[in-house]
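**Student:** Handing you a structure now.
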Amino acid sequence: MFLKFDRVIDRSSTSKILALPVETICECLRYLGARDLIRCLHTCCMLRSLVLDCAELELKIERLVYNDLVVAASRNLTSADLLDRLRRREAAWRRLAPDNHWSFGLSYPIASEYLSRGDVLTTVRPFCTEVGGVLHRYTVLHMVNIPNFLGEHRHVSHSYLEFVGLDFDRVVSFKADTAQNLLAIVVYVGENGSHWTKEDDFELRILSTADGKKHPLARHHAVFLGRLGMFSVPWDPQDEPHGEYSVLIRGPFVMIYLREVDFASEGGIIYLYNWQTGGTAWLDVDLGDQNVFDATFVSGSSILVFLVSRQGFQLVSIDDVSLESVDSLRICAVFYLPSIKLGYGYAHSILSTRPVMGSKGDGVVAVMVKIVNFESAGPMIASFDLIIRIPPLFAIVSERQGLAGHEVVEVEWSEWGPRFARFFDAHICDSVMHSVSGYRVARAIPIYSAEDAMHSATCVHLYDFNPVTTARDLVMEAPAGDDDGSDTSDDSNLSLGSLFESSDEDAETGHMGHGTGAYPPPTLFPVVGSSSARIVTSPFLRTSSSSPFNEVVYCPMPYRVVSRTYEESFEFVQLEADSLVTKASPLTQQEVEVTAHGIEHVFKWVDDFFAVRLPGETWTEEDFMKLTGQIGFLWSVEKLKCFAVRHWFTGFIWDLTHKTVALPEEKLEAFRAIIIAVALRDRRLATPEPFDFDWWGVASTSVGIGGTVGGFWNGSQA
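Going by this note's numbering, the residue at position 378 of the sequence shown is 360; the numbering climbs one at a time, nothing skipped.
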């Protein structure tokens, strides 16, 4: 898996370290870090051989290469076993083959969901119970444990945590880190009906995902956010939990900020809380003429802030981990975006609940960048997805601050962008919060059939921006797809412009750009069940003459993209270090499980479902009710109708025996009576000529029939 070097420096055999016994040299190498071990590969043939022959040392290198967060010390697996499983997992990522896949349903619409560390899908949902005629509402944390490549869990398991005294309507935001058994939840504890809040109306609770009680390592069970300075925020407790309240967890830190600060008197502030020491710190954000910003952890002691007003990013260092000193947070650098023409400006998403920047695993940051023309106040001019590699940013800051001390380092786009970032004309990331893991980014593209324009399949594109794996593929060979008829390629220098981006020199009318509303035809994707892999080396290029940029934007950073087409239809994908989770509509998730049990004809209209049992099928009504109840179908007892060959549904009578669909007789007679009454009504002034009386009948609504006369309409219920 390592690169083949043209020349390896051969050191003299009289070197003291090489004169030591092999066992002693290997023991010394075990104390080196991964980067030092990589240097050993370049030093001499003997050290290279020793490193590659030791599974423990090679595993240490591979964990760095793949930016892995999952591989941990295991009592049951040796270093050789872990290395073997890591390599097999990486081979699976290159194919996206569903060798191990699981389906599960969620029985209630959820307020928030994401994959936390440890391949655990966490959701928060409301529940209610009736006690003595009184309805009590409470909140439940639902955790879905997904098997990982270590083989510690072979099946999907569900666990639930009930918060009986917590009304779901009062949950503002939450975040879970199951690797630390940590749940951070923001709760509104103020008065009902109060619009403007006080200092003690918001509360941050630090709980354990094991029992829902105070985390054993937490300094405090709960703290008022007024203590952190978060108050005077408009809040309606009757609203659903708000996406603009962001809660992020990294090690001992909980970061909280209000993404949109239109009415917050204190302006943009990032609050940091060390849940282990109880220390707090906050950072004032310079919003300028903008009112929205985003932030994300990029290391265990650093935060990246996207500031539209500054046309760039601030790198914030957490100098005091305990957060007990006055100067715990420090702005150490500003990385600027490309300069743009006069009259144009960078802008944030118009949806404050939609994050535009995210990362997980310290590989890359995904950012949604928009440019508008402020002079014409017209629509958006351009929109891009921007991928930034994180490690080089710290190298730049370390080098510059070595010369400038602790002064804020300002880095122009030309000094960092062309080497460590890349723009894309199209969305390559379904969600900057959920579809980024390490160096990987993913997006699901719906494929519509040419016959009926229905969503018939889904193609997942997995982008890998890891410089080491990309270099390996370029030096050794182009990554191959499946050997089952997939669209493989022998050309490692193949551009994907026709699918994902277009350049000034290679513009294609069929490309999938922002705002075009068009998708590529199915012929551009791998056939269902197969995959293809490419290394893209063609650069992103924009000149000032053909774009809003005021300078040449040249991004040659190569990357690998793996595409696989699945026969299932789903909305988007989420990434974790060891899992790719596809999210279908609630009906589709449940249909998968129902179909797996031999019940294939279940249909939906708005919020109603109906099942058809064909002649020859043996499943019973009891089988259907038991199965669907287990996987989350919420049946209404009042609307439930047993199997019959003649049924009323969506306002019509469906007759399987006679193969007819008709209005119910009583509703048909009512429609006739209304039409006759209106058409034959006496008038004082007769109409000189007959006129058309336009009317519509809606069988499934309370209106029933509506008529229009002279530009006015009237509805009557049949």
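In this text, a Cβ means the ideal position worked out from N, Cα and C, and glycines have one as well.
Would a C-beta distance cut-off of 7 Å place leucine 41 and leucine 65 closer than the cut-off?
**Tutor:** Numbered from 1 along the sequence shown, position 59 holds the residue referred to as residue 41. Numbered from 1 along the sequence shown, position 83 holds the residue referred to as residue 65. In this structure, leucine 65 lies closer than 7 Å to leucine 41 by Cβ.
**Student:** Under a three-way DSSP split, which group does valine 660 fall into?
**Tutor:** Taking the sequence shown and counting its residues from 1, the one referred to as residue 660 is at position 678. Note: valine 660 maps to helix in three-state DSSP.
**Student:** Tryptophan 395: which of Gln258, His443, Ser321, Ile363 sits nearest, CA to CA?
**Tutor:** Against the sequence shown, residue 395 aligns to sequence position 413. Per the Cα distances, Ser321.
**Student:** So, does the segment 547 to 561 touch the segment 413 to 422, judging by three or more C-beta pairs under 8 Å?
**Tutor:** With the cut-off at 8 Å, the segment 547 to 561 and the segment 413 to 422 touch.
**Student:** Quick check: alanine 403 and isoleucine 363, are their CB atoms within less than 7 Å of each other?
**Tutor:** Position 421 of the sequence shown, counting from 1, holds the residue named residue 403. Position 381 of the sequence shown, counting from 1, holds the residue named residue 363. No, the pair does not count as a contact, with Cβ atoms beyond the cut-off.
**Student:** As a quick exercise: from Val122, Ile252, His118, pick the residue whose alpha carbon is nearest that of threonine 105.
**Tutor:** Working through the sequence shown from its first residue, we reach residue 105 at position 123. Cα-wise, what sits closest to threonine 105 is Val122.
**Student:** Give me the Cα-Cα distance between serine 431 and proline 508, rounded to the nearest whole angstrom.
**Tutor:** Taking the first residue of the sequence shown as 1, we reach residue 431 at position 449. Taking the first residue of the sequence shown as 1, we reach residue 508 at position 526. Rounded to the nearest angstrom, the two C-alpha atoms are 14 Å apart.
**Student:** Would DSSP call lysine 608 helix, strand or coil?
**Tutor:** Taking the sequence shown and counting its residues from 1, one reaches residue 608 at position 626. Helix.
**Student:** Assuming arginine 546 contacts leucine 78 (C-beta within less than 8 Å), just tell me the rounded distance between them.
**Tutor:** For the purposes of this step, residue 546 is taken as residue 564 along the sequence shown, with counting starting at 1. For the purposes of this step, residue 78 is taken as residue 96 along the sequence shown, with counting starting at 1. About 4 Å separates the two Cβ atoms, so the contact holds.
**Student:** Just to confirm before moving on: does the CB-CB distance between tyrosine 536 and valine 518 stay below 7 Å?
**Tutor:** If you number the sequence shown from 1, residue 536 lands on position 554. If you number the sequence shown from 1, residue 518 lands on position 536. No, the pair does not count as a contact, with Cβ atoms beyond the cut-off.
**Student:** Exposed or buried, what is phenylalanine 156 when buried is set at 16 or more other beta-carbons lying within 10 Å of its beta-carbon?
**Tutor:** Translated into the one-based positions of the sequence shown, residue 156 becomes position 174. Classification for phenylalanine 156: buried.
**Student:** I need the straight-line Cα distance from valine 308 to valine 347, nearest angstrom please.
**Tutor:** Residue mapping note: residue 308 aligns to position 326 of the sequence shown, counting from 1. Residue mapping note: residue 347 aligns to position 365 of the sequence shown, counting from 1. Valine 308 and valine 347: Cα-Cα distance of roughly 29 Å.
**Student:** Compare the beta carbon distance of tryptophan 257 and alanine 200 with 7 Å and say whether it is the shorter of the two.
**Tutor:** In the sequence shown, the residue the question calls residue 257 occupies position 275. In the sequence shown, the residue the question calls residue 200 occupies position 218. Yes, Cβ-Cβ distance for tryptophan 257 and alanine 200 is below 7 Å.
**Student:** Whole-angstrom Cβ separation of isoleucine 231 and tyrosine 253, contact assumed at under 8 Å?
**Tutor:** To locate residue 231, count along the sequence shown from 1; it is residue 249. To locate residue 253, count along the sequence shown from 1; it is residue 271. Contact flag wrong, Cβ pair sits at about 13 Å.
**Student:** By the three-class DSSP mapping on this structure, what secondary structure does threonine 259 have?
**Tutor:** Here residue 259 refers to the residue found at position 277 of the sequence shown. If DSSP states are grouped into helix, strand and coil, threonine 259 belongs with coil.
**Student:** Can you tell me whether tyrosine 326 is buried or exposed? The criterion is at least 16 other CB atoms within 10 Å of its CB, across all chains shown.
**Tutor:** Here residue 326 is taken as the residue at index 344 of the sequence shown, counted from 1. With 16 or more other Cβ atoms within 10 Å, it is buried.
**Student:** Under the DSSP definition of a beta bridge, which residues are partnered with proline 108?
**Tutor:** On the sequence shown, position 126 is the one that residue 108 refers to. Answer is Thr121.
**Student:** How far does the beta strand (DSSP E) with tryptophan 630 in it reach, from first residue to last?
**Tutor:** In the sequence shown, counting from the first residue as 1, residue 630 sits at position 648. Counting along the chain, the beta strand (DSSP E) containing tryptophan 630 begins and ends at 628 to 631.
**Student:** Leucine 638 and valine 627 look like a contact to me (Cβ under 8 Å); what is the Cβ gap, rounded to whole Å?
**Tutor:** Your numbering for residue 638 matches position 656 in the sequence shown. Your numbering for residue 627 matches position 645 in the sequence shown. Indeed they touch by this definition, with Cβ atoms about 5 Å apart.
**Student:** Under 7 Å between the Cβ atoms of leucine 311 and serine 291?
**Tutor:** Walking along the sequence shown from the start, residue 311 turns up at place 329. Walking along the sequence shown from the start, residue 291 turns up at place 309. In this structure, serine 291 does not lie closer than 7 Å to leucine 311 by Cβ.
**Student:** With distances taken Cα to Cα, identify the nearest neighbour of serine 520 among Asn532, Ile658, Met539.
**Tutor:** Here residue 520 is taken as the residue at index 538 of the sequence shown, counted from 1. The shortest C-alpha separation from serine 520 is found at Met539.
**Student:** For the alpha helix (DSSP H) that contains arginine 76, what are its first and last residues?
**Tutor:** Here the question's residue 76 lines up with position 94 in the sequence shown. Looking at the DSSP string, the run of the alpha helix (DSSP H) that includes arginine 76 is 61 to 77.
**Student:** In the DSSP assignment, what are the bridge partners of asparagine 127?
**Tutor:** Counting from 1 along the sequence shown, the entry for residue 127 is found at position 145. Answer is Val102, Ser139.
**Student:** For glutamine 293, name the three-state secondary structure that DSSP assigns.
**Tutor:** The residue labelled residue 293 in the question sits at position 311 within the sequence shown. Looking at glutamine 293 - three-state DSSP - the assignment turns out to be coil, as it is neither helix nor strand.
**Student:** Give me whichever residues DSSP pairs with phenylalanine 405 in a beta bridge.
**Tutor:** Position 423 of the sequence shown holds residue 405. In DSSP, phenylalanine 405 forms a bridge with Leu368.
**Student:** In this structure, what does DSSP give as the bridge partners for tryptophan 264?
**Tutor:** Position 282 of the sequence shown, counting from 1, holds the residue named residue 264. DSSP output for tryptophan 264 lists Tyr253 as bridge partner(s).
**Student:** Terminal residues of the continuous alpha helix (DSSP H) containing alanine 453?
**Tutor:** By 1-based counting over the sequence shown, the position of residue 453 is 471. Looking at the DSSP string, the run of the alpha helix (DSSP H) that includes alanine 453 is 449 to 457.
**Student:** Tell me whether alanine 55 sits in a helix, a strand or coil according to DSSP, three-state version.
**Tutor:** In the sequence shown, the residue the question calls residue 55 occupies position 73. Summary for alanine 55: the model assigns pLDDT 44, below 50, so the residue's position carries little reliability, and this model does not support an answer.
**Student:** What is the DSSP secondary structure of glycine 208, reduced to helix, strand or coil?
**Tutor:** Here residue 208 refers to the residue found at position 226 of the sequence shown. In this structure, glycine 208 counts as helix in the three-state DSSP scheme.
**Student:** At which residues does the beta strand (DSSP E) containing isoleucine 231 begin and terminate?
**Tutor:** Against the sequence shown, residue 231 aligns to sequence position 249. Looking at the DSSP string, the run of the beta strand (DSSP E) that includes isoleucine 231 is 227 to 232.
**Student:** How is the alpha helix (DSSP H) around methionine 28 delimited, first residue to last?
**Tutor:** On the sequence shown, position 46 is the one that residue 28 refers to. It spans 27 to 34 - the alpha helix (DSSP H) in which methionine 28 sits, taken as one unbroken run.
**Student:** Quick check on phenylalanine 653: does DSSP put it in helix, strand or coil?
**Tutor:** Along the sequence shown, one-based indexing puts residue 653 at 671. Three-state result, phenylalanine 653: helix.
**Student:** Shorter than 7 Å from the beta carbon of glutamate 381 to some beta carbon of chain D?
**Tutor:** Of the protein chains in this structure there is only one, and it is not chain D.
**Student:** With which residues is glutamine 556 paired in a DSSP beta bridge?
**Tutor:** If you number the sequence shown from 1, residue 556 lands on position 574. In DSSP, glutamine 556 forms a bridge with Val563.
**Student:** Using 7 Å as the threshold, is the C-beta distance between phenylalanine 703 and valine 643 below it?
**Tutor:** Since the first residue of the chain shown is -17 and the last is 700, residue 703 is not available in this structure.
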